[in-house]
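Student:
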Amino acid sequence: MDASFFTDTVSRLRNAKPFKPFTIRLNDGSHFEVDNPDVIAAMEGLAYGFGPGRVVVWFDHSSVARIDEDIASGSAPSSSRV
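Just so it is clear: in the sequence shown, position 8 is 105 by the working numbering, and no numbers are missing.
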């Protein structure tokens with residue numbers, strides 16, 4: 098995923114009012130669920146977040162397969178991918 102697209106997408110989702118949970122899916126099949134806007138930050142294609150147990154998770158834009166938006170609505174999520 099392009100660095101600026103990744104950073105812009107995470108920032109947009111993180112700052113949405115009201116906030117809606119989203120999932121970042123990585124190329125290796127793992128994922129990072131963002132259920133609170135304060136658990137993730139992204140800048141210049143690099144992101145970090147707090148996973149279960151407050152473990153810090155680092156990843157960059159090149160490891161992201163897609164971002165699934167609006168996972169809490171019960172409808173099919175929309176995806177942001179490149």
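We put the beta carbon where it would ideally sit given N, CA and C, even for glycine. All values derive from a computational prediction rather than experimental measurement.
#1: State yes or no: is the C-beta of V154 within less than 7 Å of the C-beta of F129?
#2: Only counting the same chain, and skipping five residues up and downstream in sequence, which positions put a Cβ closer than 7 Å to that of F147?
#3: Based on the DSSP secondary-structure assignment, which residues constitute the bridge partners of D157?
#4: Leaving out five residues on either side along the sequence, give the residues of the same chain with a beta carbon under 6 Å from the beta carbon of A139.
#5: Look at the alpha carbon of N124 and the alpha carbon of D132, and state the distance between them as a whole number of angstroms.
#6: Helix, strand or coil: which one does DSSP assign to V131?
Tutor: This is what the structure holds:
#1: Cβ distance < 7 Å, so V154 and F129 count as in contact.
#2: Closer than 7 Å at Cβ, skipping near neighbours: V136 and V153.
#3: Answer is L143.
#4: Cβ neighbours of A139 beyond the five flanking positions: T104 and V107.
#5: When rounded, the distance between both Cα atoms is 21 Å.
#6: Collapsing the DSSP output to three states places V131 in a strand.
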